[in-house]
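Here is the structure we will look at.
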Amino acid sequence: MSTIYDKSTTWFDYFPTEIIFIIFDYLSSNEIIYSFFRLSQRIDDILLQNKRYSSFLQLPTTNFDQWKNILSIIGSRIETLQITWIDLSFPLTYFPNIKSIIISSLHGFPREHYRLIFESQYFPQLHSFQIKENKIYPTYNYTIDRINVLKNIFHKQNSLKLFHYPLMIKTYDSFTLQTNFNIHSLQLILIN
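Residues 20 to 211 in this note's numbering are what the sequence shown lists, from first letter to last.
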(Lines of atoms letter the chains of each structure in order from A; the text may use other names.)
(Lines give C-alpha, C1' and ligand atoms only; values in the text may rest on other atoms or scores of the structure.)
Protein backbone atom coordinates (compact mmCIF):
# COMPACT_ATOMS: atom_id res chain seq x y z
CA MET A 20 0.00 0.00 0.00
CA SER A 21 1.54 3.32 -1.05
CA THR A 22 1.25 6.58 0.83
CA ILE A 23 0.82 10.06 -0.55
CA TYR A 24 4.21 11.12 0.82
CA ASP A 25 7.47 10.67 -0.96
CA LYS A 26 9.88 8.38 0.90
CA SER A 27 12.77 10.81 0.49
CA THR A 28 13.95 12.77 3.48
CA THR A 29 14.14 16.55 3.53
CA TRP A 30 15.86 18.97 5.88
CA PHE A 31 12.50 19.73 7.40
CA ASP A 32 12.48 16.23 8.85
CA TYR A 33 15.50 17.19 10.96
CA PHE A 34 14.41 20.67 12.03
CA PRO A 35 12.96 21.11 15.50
CA THR A 36 9.34 22.23 15.44
CA GLU A 37 10.35 25.63 16.84
CA ILE A 38 12.54 26.30 13.78
CA ILE A 39 9.67 25.38 11.48
CA PHE A 40 7.46 27.86 13.36
CA ILE A 41 10.10 30.57 12.90
CA ILE A 42 10.20 29.88 9.15
CA PHE A 43 6.39 29.96 8.98
CA ASP A 44 6.36 33.36 10.70
CA TYR A 45 7.91 34.85 7.56
CA LEU A 46 5.23 33.45 5.25
CA SER A 47 1.55 34.07 4.62
CA SER A 48 -0.92 31.30 5.38
CA ASN A 49 -1.43 30.78 1.63
CA GLU A 50 2.32 30.33 1.12
CA ILE A 51 2.55 27.93 4.03
CA ILE A 52 -0.39 25.81 2.94
CA TYR A 53 0.52 25.77 -0.74
CA SER A 54 4.23 25.10 -0.23
CA PHE A 55 4.29 22.75 2.73
CA PHE A 56 1.01 20.86 2.84
CA ARG A 57 1.62 17.24 1.80
CA LEU A 58 5.39 17.62 2.09
CA SER A 59 5.52 15.05 4.90
CA GLN A 60 3.28 13.60 7.56
CA ARG A 61 5.15 15.59 10.21
CA ILE A 62 4.59 18.93 8.45
CA ASP A 63 0.92 18.08 7.85
CA ASP A 64 0.52 17.32 11.54
CA ILE A 65 2.13 20.65 12.46
CA LEU A 66 -0.15 22.53 10.05
CA LEU A 67 -3.32 20.77 11.14
CA GLN A 68 -2.60 20.93 14.87
CA ASN A 69 -1.88 24.68 14.81
CA LYS A 70 -5.04 26.47 13.81
CA ARG A 71 -3.26 29.73 13.05
CA TYR A 72 -1.80 28.20 9.88
CA SER A 73 -5.00 26.75 8.51
CA SER A 74 -7.88 28.98 9.65
CA PHE A 75 -7.25 32.01 7.37
CA LEU A 76 -7.01 31.90 3.59
CA GLN A 77 -6.79 34.51 0.89
CA LEU A 78 -8.80 33.10 -1.98
CA PRO A 79 -6.26 31.80 -4.53
CA THR A 80 -6.11 33.41 -7.96
CA THR A 81 -3.81 30.89 -9.68
CA ASN A 82 -3.01 27.15 -9.71
CA PHE A 83 -6.67 26.22 -9.26
CA ASP A 84 -6.22 22.47 -9.77
CA GLN A 85 -3.59 22.24 -7.05
CA TRP A 86 -5.66 24.42 -4.71
CA LYS A 87 -8.77 22.30 -5.31
CA ASN A 88 -6.85 19.24 -4.10
CA ILE A 89 -5.60 21.10 -1.03
CA LEU A 90 -8.98 22.65 -0.19
CA SER A 91 -10.79 19.34 -0.53
CA ILE A 92 -8.73 18.25 2.49
CA ILE A 93 -8.33 21.39 4.62
CA GLY A 94 -11.20 23.59 3.41
CA SER A 95 -13.29 22.66 6.44
CA ARG A 96 -10.61 24.22 8.69
CA ILE A 97 -10.80 27.63 7.00
CA GLU A 98 -12.80 30.09 9.11
CA THR A 99 -11.78 33.39 7.51
CA LEU A 100 -11.73 33.90 3.76
CA GLN A 101 -10.33 37.04 2.15
CA ILE A 102 -11.36 37.69 -1.45
CA THR A 103 -9.09 40.13 -3.27
CA TRP A 104 -9.90 39.36 -6.87
CA ILE A 105 -12.99 39.85 -9.05
CA ASP A 106 -13.27 36.12 -9.73
CA LEU A 107 -14.95 33.90 -7.15
CA SER A 108 -12.89 30.87 -8.19
CA PHE A 109 -14.01 28.50 -5.47
CA PRO A 110 -17.59 28.13 -4.27
CA LEU A 111 -18.22 28.44 -0.56
CA THR A 112 -18.94 24.71 -0.47
CA TYR A 113 -15.17 24.28 -0.07
CA PHE A 114 -15.44 26.15 3.26
CA PRO A 115 -18.27 24.58 5.31
CA ASN A 116 -17.08 26.16 8.59
CA ILE A 117 -16.59 29.68 7.26
CA LYS A 118 -17.20 32.39 9.87
CA SER A 119 -15.82 35.51 8.21
CA ILE A 120 -15.58 36.89 4.67
CA ILE A 121 -13.54 39.96 3.80
CA ILE A 122 -13.91 41.35 0.27
CA SER A 123 -11.12 43.78 -0.57
CA SER A 124 -10.83 43.82 -4.33
CA LEU A 125 -9.08 46.76 -5.97
CA HIS A 126 -11.19 46.15 -9.06
CA GLY A 127 -14.60 46.00 -7.43
CA PHE A 128 -16.57 42.80 -7.09
CA PRO A 129 -19.22 41.60 -9.55
CA ARG A 130 -22.83 41.76 -8.43
CA GLU A 131 -23.31 38.14 -9.46
CA HIS A 132 -20.62 37.03 -6.99
CA TYR A 133 -22.33 38.87 -4.14
CA ARG A 134 -25.49 37.01 -5.04
CA LEU A 135 -23.61 33.68 -4.91
CA ILE A 136 -22.35 34.52 -1.42
CA PHE A 137 -25.77 35.63 -0.15
CA GLU A 138 -27.52 32.58 -1.58
CA SER A 139 -24.95 30.15 -0.22
CA GLN A 140 -26.12 27.81 2.51
CA TYR A 141 -23.14 29.04 4.56
CA PHE A 142 -24.03 32.75 4.57
CA PRO A 143 -26.39 32.49 7.60
CA GLN A 144 -23.53 31.10 9.72
CA LEU A 145 -21.18 34.03 9.05
CA HIS A 146 -20.19 36.13 12.05
CA SER A 147 -18.34 38.78 10.06
CA PHE A 148 -18.86 40.21 6.57
CA GLN A 149 -16.65 43.11 5.51
CA ILE A 150 -16.63 44.86 2.17
CA LYS A 151 -13.61 47.07 1.56
CA GLU A 152 -13.88 48.46 -1.94
CA ASN A 153 -10.91 50.65 -2.75
CA LYS A 154 -11.21 50.72 -6.50
CA ILE A 155 -8.19 51.84 -8.46
CA TYR A 156 -10.16 51.78 -11.72
CA PRO A 157 -13.35 53.77 -11.10
CA THR A 158 -14.52 53.35 -14.71
CA TYR A 159 -14.38 49.57 -14.33
CA ASN A 160 -17.72 49.50 -12.58
CA TYR A 161 -19.01 46.58 -10.54
CA THR A 162 -21.60 48.35 -8.45
CA ILE A 163 -23.46 46.14 -6.06
CA ASP A 164 -27.15 46.12 -5.50
CA ARG A 165 -27.02 47.84 -2.13
CA ILE A 166 -30.63 47.13 -1.28
CA ASN A 167 -30.07 43.39 -1.63
CA VAL A 168 -26.93 43.67 0.49
CA LEU A 169 -28.90 45.34 3.28
CA LYS A 170 -31.76 42.86 2.99
CA ASN A 171 -29.32 40.02 3.49
CA ILE A 172 -27.42 41.68 6.33
CA PHE A 173 -30.48 42.87 8.24
CA HIS A 174 -32.22 39.55 8.29
CA LYS A 175 -33.20 37.73 11.44
CA GLN A 176 -32.04 34.36 10.10
CA ASN A 177 -28.34 35.16 9.93
CA SER A 178 -25.67 35.17 12.67
CA LEU A 179 -23.76 38.28 11.60
CA LYS A 180 -22.09 40.11 14.44
CA LEU A 181 -19.94 42.44 12.35
CA PHE A 182 -20.80 44.17 9.08
CA HIS A 183 -18.61 46.87 7.55
CA TYR A 184 -19.42 48.59 4.30
CA PRO A 185 -17.54 51.89 3.84
CA LEU A 186 -19.33 53.23 0.75
CA MET A 187 -22.41 55.44 0.74
CA ILE A 188 -25.77 53.75 0.70
CA LYS A 189 -29.02 55.46 -0.18
CA THR A 190 -32.05 53.93 1.44
CA TYR A 191 -35.57 54.32 0.18
CA ASP A 192 -38.70 55.18 2.15
CA SER A 193 -40.48 52.01 1.08
CA PHE A 194 -37.52 49.87 2.09
CA THR A 195 -37.77 48.29 5.54
CA LEU A 196 -35.17 46.19 7.28
CA GLN A 197 -35.66 43.30 9.63
CA THR A 198 -34.03 43.40 13.02
CA ASN A 199 -30.77 41.55 13.46
CA PHE A 200 -30.04 41.38 17.19
CA ASN A 201 -26.68 39.66 16.64
CA ILE A 202 -24.90 42.68 15.14
CA HIS A 203 -22.34 44.18 17.51
CA SER A 204 -20.32 46.19 15.02
CA LEU A 205 -21.81 48.08 12.11
CA GLN A 206 -20.17 50.51 9.71
CA LEU A 207 -22.42 52.15 7.10
CA ILE A 208 -22.51 55.55 5.45
CA LEU A 209 -26.10 56.50 4.70
CA ILE A 210 -26.82 59.38 2.34
CA ASN A 211 -30.26 60.20 3.70
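A virtual CB, placed ideally from N, CA and C, is assigned to each residue, including glycine.
Source: prediction; values computed, not measured.
- At the C-beta level, residue 184 and residue 150 come within 9 Å of one another.
- Remark: C-beta atoms of residue 38 and residue 66 do not approach each other more closely than 9 Å.
- Residue 116 is a Cβ neighbour of residue 97, given a cutoff of 9 Å.
- The three-state secondary structure of residue 117, taken from DSSP, is coil.
- Straight-line spacing of the CA atoms in residue 171 and residue 106 works out to 21 Å.
- Within 10 angstroms of the beta-carbon of residue 177 lie 16 or more other beta-carbons, which makes it buried.
- Counting the other Cβ atoms within 10 Å of the Cβ of residue 33 gives fewer than 16, which makes it exposed.
- Per the DSSP secondary-structure output, residue 76 pairs in a beta bridge with 100.
- DSSP places residue 137 in no beta strand (DSSP E) but in the uninterrupted alpha helix (DSSP H) bounded by 130–138.
- Beta-bridge annotation (DSSP): residue 38 is not paired with any residue.
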